[in-house]
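Counting in my numbering, the sequence shown runs from -5 upward without gaps. Even glycine gets a Cβ: it sits at the ideal position worked out from N, Cα and C. For clarity, every value in this text was computed on a predicted model and none was experimentally measured. Presented below is the structure to which this report refers.
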Amino acid sequence: MKLKEALTHAREILDNQHIEDASLIAEVLLRHVLKIDRARFYTELNTDLTEEQKQYYLKLVERRCTGEPTAYITGHREFYGLDFIVDRNVLIPRPETELLVEKALEFAGKHQVSTIADVGTGCGAIVISLVKNLAEDIKIYALDASDEALEIAGKNCHEHGVSTSVELIRSDMLASLTESVDMIVANMPYFKTSELPVLGPLSFEPTLALDGGETGLAAIEQICRQAFNKIRPGGSLLLEIGQGQAGDVRDILSGVFPAAVIEVYPDYAGIERVVAVYLT
-5 MKLKEALTHA REILDNQHIE DASLIAEVLL RHVLKIDRAR FYTELNTDLT EEQKQYYLKL
55 VERRCTGEPT AYITGHREFY GLDFIVDRNV LIPRPETELL VEKALEFAGK HQVSTIADVG
115 TGCGAIVISL VKNLAEDIKI YALDASDEAL EIAGKNCHEH GVSTSVELIR SDMLASLTES
175 VDMIVANMPY FKTSELPVLG PLSFEPTLAL DGGETGLAAI EQICRQAFNK IRPGGSLLLE
235 IGQGQAGDVR DILSGVFPAA VIEVYPDYAG IERVVAVYLT
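This is the structure:
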């Protein structure tokens, strides 16, 4: 079977299972099997697959048909123009989270920022994206309650050459952060517990990174209160939130930081996605 035939066959299988972006997924999985980039892939469409490659490819397609995310199958996910190692111990980085990075970089570009804490770092996508776009002397603390997640974050820090700028800390949110910082960024769990059984593909991702309690706001409220004594004067707290949560999160923040400026930013779909607190 030639590459182009295998590609067509896989696309049909995925289409029949109503998998979105079937053509792209079929290509990504086949390139993963062959370990080649896209440019080379399209010059070799008439090349024959070995029987071993064919069977491996069909197994990957079958896994995707069961709902397993492509990122977990390939072990990689692109975020903010960078490639990250991922597995089922970490949340898969989402395009909408890039807004959190953009707003953090925007703040850092206008203020003196030497230390940042990234809470719930997961695979390290946010923290590494920040380091790669900030001054070399920046110090970032990457905090996570999961040893497995910190292991993945460590691998990604090594791959991107930022290990000396990032300190990995096992912590329940900010509990183990021993000093105040100029900026805190966090993508906390914000789904309601009742929503978890019906999240579809999200069911493959770690519950710890998704479950925001009965209201979806438990983790967000906790970090807001923890952050009160962890942000330096003139610093900021930036949070990713779920759809429809902006009003409640603003109320929580107003209670904790009554003198601060609070801004809400929509993502590219128009959904209020990031809430920022700017201390005076």
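Comparing C-alpha positions only, which one of the options sits nearest to residue i?
| i | options | result |
| --- | --- | --- |
| Pro200 | Glu130, Ser17, Phe185 and Glu208 | Phe185 |
| Ala16 | Gly206, Leu93 and Val55 | Val55 |
| Gly264 | Ile246, Ala111 and Gln237 | Gln237 |
| Tyr66 | Gln47, Cys117, Val125 and Val243 | Cys117 |
| Leu85 | Asp131, Ile7, Leu144 and Val125 | Leu144 |
Which term fits residue i, buried or exposed, when burial requires 16 or more other beta carbons within 10 angstroms of its beta carbon?
| i | result |
| --- | --- |
| Tyr36 | exposed |
| Arg219 | exposed |
| Ala180 | buried |
| Pro89 | exposed |
| Glu215 | buried |
| Leu39 | exposed |
| Ala169 | exposed |
| Val255 | exposed |
| Ser159 | buried |
| Tyr51 | buried |
Tell me whether residue i sits in a helix, a strand or coil according to DSSP, three-state version.
| i | result |
| --- | --- |
| Asn83 | coil |
| Ala136 | strand |
| Thr41 | coil |
| Leu211 | coil |
| Pro63 | coil |
| Ile235 | coil |
| Asn181 | strand |
What separation, rounded to the nearest whole angstrom, lies between the Cα atoms of residue i and residue j?
| i | j | result |
| --- | --- | --- |
| Ala240 | Ala0 | 46 Å |
| Thr91 | Val113 | 14 Å |
| Thr296 | Asp138 | Beyond the ends of the chain as shown, which are -5 and 274, falls residue 296; an answer cannot be given. |
| Leu281 | Leu24 | Outside the displayed span of the chain (-5 to 274) sits residue 281, for which this structure offers no information. |
| Val107 | Leu273 | 13 Å |
| Gly155 | Ile178 | 22 Å |
| Ser157 | Arg5 | 40 Å |
| Met282 | Gly69 | This structure gives no information on residue 282, because the portion of the chain shown stretches from -5 to 274. |
| Thr109 | Asp205 | 28 Å |
Would the beta-carbon of residue i fall within 8 Å of that of residue j?
| i | j | result |
| --- | --- | --- |
| Thr41 | Leu(-3) | yes |
| Phe101 | Pro87 | no |
| Thr202 | Ala98 | Inspection of the sequence shows that residue 202 is occupied by Leu rather than by Thr. Cβ distance not < 8 Å, so Leu202 and Ala98 don't count as in contact. |
| Arg58 | Ile30 | no |
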